[in-house]
Every structure is written in structure tokens, then in C-alpha cells.
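Q: Handing you this structure, nothing more for now.
In C-alpha cells:
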């Protein structure tokens, strides 16, 4: 599904990602863990096309996508969320979801003047889907609130909701659990699992909540200092001495 | 006599408000919805005014045209020309961050003004183009003013309806999303660069139309009429005071600011001559002061950006942050 080959991202001498290589298998949920500053989010930015690597290659479904821009990758089925919520703050929560589906007829200036009927039909479908998504995320009561007024956790959910508004193949979730309350978190895990099994989404998720990682992710990839330290199932990674060292900066102790 | 004078003044003011409201609507597309800081409105205004003048005036010696076509063709040509000029400018400048776009667009508007001033073959140079036909211009003075007001009002209403339709449609939603968060819009598959260009061109076309309406009303256009003070900065104040992101706000702002602007002219003209000249600058100062006060105490404008889309069970429309 996704192959990263010797990726390097050099920010003027500081290599945030330094020779990162791994594969993501189709229909898997890959967990990406590692201490702060390990380069996880930078890696996401590279995969999603928000940044372009200094060297190395990215292949998505067998195709070289290293130089594609993020909006082009979206149309290929690669959707991401952001660590710090990137909501459209003056749009309502509902509109935040409704803007997502690609190639809506109403995105053409001319269609809005000459083919209003077609635009309306598509709008009704999109709106229904958006309400369903809000319902699932328990955000229906704020559907008409400006997204900028929502709480941090609600914004996170809205971000996840956006990935559900399109037919994604690979979804990159950057700390989906941060700021979300426990009950909702369990529900989030269920939804990710359902999306994975029923809609065939492949997930890569960055997360510090080890409970979530343990429950959902196989394999788990641990990064440190811009490269992959180890990958394997949760238990292997968890008990690896290198991982403990990376998290704690020493060889003894109990991480995770 | 006094009463007729007042009516005439009101008509005159109404026509100008409609023309400036059209420019403010154009700017609202660019700034209010796409977040593009265009400080070169005067440039597109000039392109529209001159294009329509060239297309609709009778043939003249020593300059391009005229082509003696019906004014409607002139107005359409004005929109097309402004859009055509906006295309390469947008292509190059929209990559800049907003403040750099502002600087670049001021410069470009100034280049356009200088080209107009110094290209006699194209624009008859500093003398400008006169005898531009005015729609319903054959009627008696007062009737003609009324007829022109009706025409510009019809154009403004048509433009308002067309723009408002876009803003409530997915296109407008997408533009507002791009304005609110460019990175997220990109990640959601929107081609930000292309969409911005679209909004820039759309807005510029309306500005060109505004220029054409202005030229046909005055029956002539000269480089002096392309005053960035009025044709750029006054429009900005209109939009910000009225409420950017709100089409009705843009029109209201145009009315309020133009009334203050032109009534203050009457006031300063009554001063003794030696003060009148200086008072002219006081007007500029007052307009600047007004902008500062609006930004300080009511940054969202008289009519803030409304919640759009489906508003069943709308809760508070409070502005975030």
C-alpha cells in the first residue's frame, strides 16, 4: 500500500527525518510511536505531500508519489488529520464536513449559475452524509456552531469526521486521542476498527496512548531520531531495550 | 430649484454608491471569501473603464478604436479585459503571502496607471477618452440621471444575486475553507492555487465592470480618474466598515462611506478658500481615522459575516476568537 524508501528531510542542517524506511501493508493499522521529536509528524507531512523530502522516495499503491502535492494525494485516496486541529474556524461544524467530498458539482462557478438543480441534489446527499457523521461522533448538537468555537476534543473528532466524508484508502491520524475523553476514546477505537474492517481503510496512526496502540495496532513502528528503531507487534516493540532507551534516555526502567 | 438640486444630488450619489458597491462586491470575493489582499483595485477599475471606452466610442484618429459598439458589448469587454489582466497577475502574485500580495498589487495598479497615461496609441494618453456614449444619455438631464441610476442598480442587483449564489454554494464554502486554513484545505483535496486564481479573476471582472459603469456615467475617462486613494483605499474602507465576508455589508459599507465622503466635500467647500485646500486633506485623515476606529471597536464590520449553509436550529453565531 505505502512504501517509504530512505526518506530524509533536512531543515537546513537539522535532519528531522533521517533515512526512514518502512512499508505499510494494505488493510493494516500501523501504529507509529516514538519520543517527542522523533520525526513522526514530519514523516506524516512528507507522506501527505505537505513537505517534500530532501531525498528518498514514497510509493503509494505501487506508484511513485514523492513529488505530488497534498491535494493530488487526497484524490488518490490518502487522507490525513493534523496533530494541532486544523478546523475551518469560521465554517460551521457541518460545513467543515460538507466541504470534504471531492469533485462536487457545486465547486464549479458555472455549475452554480447554470446547473443549480444538479448542485442541489449533490448538496442534499453530502449534507445527509455529514449529519450521519456528526451523529456518530456525537457532535450533532454543535452542527451549526462555528468550528472555531468547539472544544479541543471536539475539533479532533471533527478532523476524524473529515476523513469519513470521502472514500479514503489510507488514513493518517496524528494523535487522534489527544484531548479526547475516555468514553469517547473507546468509541473512537471501535470506529477506527469498523472503518478498517468494513470499509477497508488502511490506517497509520501516531499516538502516545499506549492502550489505544495495543488495542488497535499491528504492526507498531517505533521511531527515534528520524529513523525507524524497530518494528513488530506491540509486545515485541514494548519490551525492546532500544525502545526503552529511546523513551527514557537510559537502558533501565519501564516505558509504555 | 433647491429641491430639484437636492434630488439631483441624491441621484448622483445613488449612482456612485452603486458603482462603488460593485467594486466592494468584487473586493469581497477576493478578500472576504478568498482572503486575498488585493490593494490594486484601481488597476482593474482602470482596465475596465478604458476597455469599455475603446469598444464603445466612435472611431477616433491616433488611438486604438473606437469600435462604436453598443455599450453592453463595452461592459462585457470590460469584464473580460479585467479578468484577462488579472490572470497573469494572479498566476504570479497569488503564491505570495497576503502582505506581499498587497505590495505587489499596489505596484501593478500603479504600472497600469502609468501605461494608460503614457500610451497615446492605446488610451489617448493624458487627455483621456471622451464622448463615451452614456446609456439613456439622449434624455433630458434629470430623466437621464434616473435612467442611469436604474441601469446601475439593475447591474448591482444582478451582481449581488450571482455572487451571493456562489457564496452559499459549495464553491463559496470551499473558498471560505481555504481562507480559514490553507493547509487543511489542501489536505482535503482542494487545489488552493487554482481556486484562489478563480476568486481573484472573478473579483477583478466585477471591478472592471465597475470601471466601465463609471466611465460611461462620466462620458469620459482620464488617467486622473484612476486615483488609488478613491478607487482602492476607499473601497477597502467600505468593505471593512460594512463587514467583509458579507455581501450586504459590502453594499451598506459602500453607501455609508460614500455618503460621508461626499457630504464632507460639501462641508469643506463651504470653508473660506484658504482653508478649503487644506480641508481636503482633513477628509483623508477622517477616513483613515474612521478605519482605525472600526478596526479597534468593530473589526467584524457593521454586518458581520453570517453563518452560511443550512441553518436549521442555528445556535449562536458568535465569532470564534
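Chains as they are written, first to last, in the working numbering: chain A, 3 to 258; chain B, 98 to 418. Idealized CB from N, CA, C, for every residue including glycine. These figures come from a predicted structure and were not determined experimentally.
Across the segment 380 to 399 of chain B and the segment 135 to 148 of chain B, are there enough close Cβ pairs to call them in contact, namely three or more that are closer than 8 Å?
A: With a cut-off of 8 Å, the segment 135 to 148 of chain B and the segment 380 to 399 of chain B do not count as touching, because too few Cβ pairs lie within range.
Q: Check whether chain A comes within 7 Å of residue 403 of chain B, counting only Cβ atoms and requiring the distance to be less than that.
A: In the second chain, counting from the first residue as 1, residue 403 of chain B sits at position 306. It does not; no Cβ of chain A falls within 7 Å.
Q: Are the CB atoms of residue 117 of chain B and residue 355 of chain B within a distance shorter than 7 Å?
A: By one-based count along the second chain, residue 355 of chain B stands at place 258. By one-based count along the second chain, residue 117 of chain B stands at place 20. Yes.
Q: Using a Cβ-Cβ cutoff of less than 7 Å, which residues in the same chain neighbour residue 171 of chain B once the five nearest sequence positions on both sides are dropped?
A: Translated into the one-based positions of the second chain, residue 171 of chain B becomes position 74. Same-chain partners within the cutoff: 149, 152, 153, 309.
Q: Note the first and the last residue of the continuous beta strand (DSSP E) segment covering residue 173 of chain A.
A: Mapped onto the first chain, residue 173 of chain A falls at position 171. Residue 173 of chain A -> beta strand (DSSP E) spans 172 to 176.
Q: Is residue 184 of chain A close to chain B, meaning its C-beta is less than 7 Å from at least one C-beta of that chain?
A: Within the first chain, residue 184 of chain A is the residue found at index 182, counting from 1. Output row for residue 184 of chain A: interface = no.
Q: Measure from the alpha carbon of residue 6 of chain A to the alpha carbon of each residue in A:34, A:18, A:36, A:68, then state which is nearest.
A: Residue 6 of chain A sits at position 4 when you count from the first residue of the first chain. Checked all of A:34, A:18, A:36, A:68; the closest Cα to residue 6 of chain A is A:68.
Q: Beta strand (DSSP E) containing residue 20 of chain A: first to last residue?
A: Position 18 of the first chain holds residue 20 of chain A. Note, residue 20 of chain A: beta strand (DSSP E), 16 to 26.
Q: Note down, in chain order, each residue of its chain lying with its Cβ closer than 8 Å to the Cβ of residue 117 of chain A, except the 5 sequence neighbours on either side.
A: Taking the first residue of the first chain as position 1, residue 117 of chain A is located at position 115. Counting only Cβ-Cβ distances below 8 Å, and skipping sequence neighbours, we find 107.
Q: Exposed or buried, what is residue 417 of chain B when buried is set at 16 or more other beta-carbons lying within 10 Å of its beta-carbon?
A: The residue given as residue 417 of chain B occupies position 320 in the second chain. Confidence in residue 417 of chain B is poor, its pLDDT being 49 and thus under 50, which makes the residue's placement unreliable; the coordinate value appears in the next sentence. Classification of residue 417 of chain B: exposed, given that the 10 Å Cβ count is below 16.
Q: Can you name the residues that DSSP bridges to residue 222 of chain A?
A: In the first chain, the residue the question calls residue 222 of chain A occupies position 220. Looking at the DSSP assignment, residue 222 of chain A forms a beta bridge with A:33, A:234.
Q: Can you find a CB in chain A that lies within less than 7 Å of the CB of residue 456 of chain B?
A: Since the first residue of chain B shown is 98 and the last is 418, residue 456 of chain B is not available in this structure.
Q: Determine the chain B residues that contact residue 109 of chain A at a beta-carbon separation under 7 Å, and present them in chain order.
A: By one-based count along the first chain, residue 109 of chain A stands at place 107. Ordered by position in chain B, the residues that pass the 7 Å Cβ test against residue 109 of chain A are 267, 268, 271.
Q: Residue 179 of chain A and residue 211 of chain A - do their beta-carbons sit closer together than 7 Å?
A: For the purposes of this step, residue 211 of chain A is taken as residue 209 along the first chain, with counting starting at 1. For the purposes of this step, residue 179 of chain A is taken as residue 177 along the first chain, with counting starting at 1. Going by C-beta atoms, residue 211 of chain A is nearer than 7 Å to residue 179 of chain A.
Q: If I'm right that residue 217 of chain B touches residue 159 of chain B with Cβ under 8 Å, what's the distance once you round it to whole angstroms?
A: The residue you call residue 217 of chain B lines up with position 120 of the second chain. The residue you call residue 159 of chain B lines up with position 62 of the second chain. About 7 Å separates the two Cβ atoms, so the contact holds.
Q: Counting only the same chain and skipping the five closest in sequence on each side, list residues whose C-beta sits under 8 Å from that of residue 71 of chain A.
A: One-based indexing of the first chain puts residue 71 of chain A at position 69. Hits under 8 Å: 51.
Q: Using a Cβ-Cβ distance under 7 Å, would residue 47 of chain A count as near chain B?
A: The residue you call residue 47 of chain A lines up with position 45 of the first chain. No, no contact with chain B.
Q: With DSSP run on the structure shown, which of helix, strand or coil describes residue 141 of chain A?
A: To locate residue 141 of chain A, count along the first chain from 1; it is residue 139. Coil, per DSSP.
Q: State buried or exposed for residue 14 of chain A, treating a residue as buried only when at least 16 other CB atoms are found within 10 Å of its CB.
A: One-based indexing of the first chain puts residue 14 of chain A at position 12. Classification of residue 14 of chain A: exposed, given that the 10 Å Cβ count is below 16.
Q: Taking DSSP's pairing of strands, which residues face residue 136 of chain B in a bridge?
A: Your numbering for residue 136 of chain B matches position 39 in the second chain. Paired residues: none, contrary to the question.
Q: According to the neighbour-count rule (16 or more other Cβ atoms, all chains shown, within 10 Å of its Cβ), is residue 231 of chain B buried or exposed?
A: Taking the second chain and counting its residues from 1, one reaches residue 231 of chain B at position 134. Buried, since its Cβ has 16 or more Cβ neighbours within 10 Å.
Q: Consider the Cβ of residue 93 of chain A: report whether some Cβ of chain B lies at a distance smaller than 7 Å.
A: Here residue 93 of chain A refers to the residue found at position 91 when the first chain is read from its first residue. Chain B contact via Cβ: present.
Q: Establish whether the CB of residue 346 of chain B and some CB of chain A are separated by less than 7 Å.
A: For this step, residue 346 of chain B is matched to residue 249 along the second chain. Not one chain A Cβ lies under 7 Å of residue 346 of chain B.
Q: Quick one: what's got a C-beta closer than 8 Å to residue 275 of chain B's C-beta in the same chain, skipping five residues either side?
A: Along the second chain, read from residue 1 onward, the residue named residue 275 of chain B stands at position 178. Excluding positions up to five away in sequence, the list reads 131, 132, 282, 287, 289, 292, 293.
Q: Pick helix, strand or coil for residue 79 of chain A, following the three-state DSSP scheme.
A: Taking the first chain and counting its residues from 1, the one referred to as residue 79 of chain A is at position 77. In the structure shown, residue 79 of chain A sits in coil (DSSP, three-state: anything other than H, G, I, E or B).
Q: Between residue 183 of chain B and the rest of its own chain, which residues show a CB-CB distance below 7 Å, the 5 nearest in sequence each way excluded?
A: To locate residue 183 of chain B, count along the second chain from 1; it is residue 86. Correct list, in chain order: 141, 297, 298, 301.
Q: Relative to the C-alpha of residue 225 of chain A, which residue among A:139, A:216, A:246 is closest?
A: Start at 1 with the first residue of the first chain, and residue 225 of chain A comes out as number 223. Per the Cα distances, A:246.
Q: How would you write the range of the beta strand (DSSP E) that residue 5 of chain A sits in, first residue to last?
A: For the purposes of this step, residue 5 of chain A is identified with residue 3 of the first chain, where counting begins at 1. Run containing residue 5 of chain A: 4 to 13, per the beta strand (DSSP E) assignment.
Q: Classify residue 105 of chain B as helix, strand or coil using the three-state DSSP reduction.
A: One-based indexing of the second chain puts residue 105 of chain B at position 8. It is helical.
Q: Rounded to whole angstroms, what's the CA-CA distance from residue 210 of chain B to residue 175 of chain B? Just pull it up for me.
A: For the purposes of this step, residue 210 of chain B is identified with residue 113 of the second chain, where counting begins at 1. For the purposes of this step, residue 175 of chain B is identified with residue 78 of the second chain, where counting begins at 1. Cα to Cα, residue 210 of chain B sits roughly 16 Å from residue 175 of chain B.
Q: Residues of the segment 115 to 136 of chain B with a CB closer than 7 Å to any CB of chain A: list them in chain order, please.
A: Going along the segment 115 to 136 of chain B in chain order, one finds no residue with a Cβ nearer than 7 Å to chain A.
Q: Can you tell me whether DSSP reads residue 205 of chain A as helix, strand or coil?
A: For the purposes of this step, residue 205 of chain A is identified with residue 203 of the first chain, where counting begins at 1. Three-state DSSP puts residue 205 of chain A in a strand.
Q: Which word fits residue 88 of chain A, buried or exposed, when buried means at least 16 other C-beta atoms lie within 10 angstroms of its C-beta?
A: Position 86 of the first chain, counted from the first residue, corresponds to residue 88 of chain A. That one is buried.
Q: Counting only C-beta atoms, is residue 377 of chain B closer than 7 Å to chain A at any point?
A: The sequence position of residue 377 of chain B within the second chain is 280, counting from 1. Taking Cβ atoms only, chain A never reaches closer than 7 Å to residue 377 of chain B, which makes this a no.
Q: What did DSSP end up calling residue 62 of chain A once you bin it into helix, strand or coil?
A: Residue mapping note: residue 62 of chain A aligns to position 60 of the first chain, counting from 1. In the structure shown, residue 62 of chain A sits in a strand (DSSP, three-state: E or B).
Q: Please check if any C-beta of chain B sits within less than 7 Å of the C-beta of residue 210 of chain A.
A: Locating residue 210 of chain A in the first chain gives position 208, where the first residue counts as 1. Judged by the 7 Å Cβ criterion, residue 210 of chain A is not in contact with chain B.
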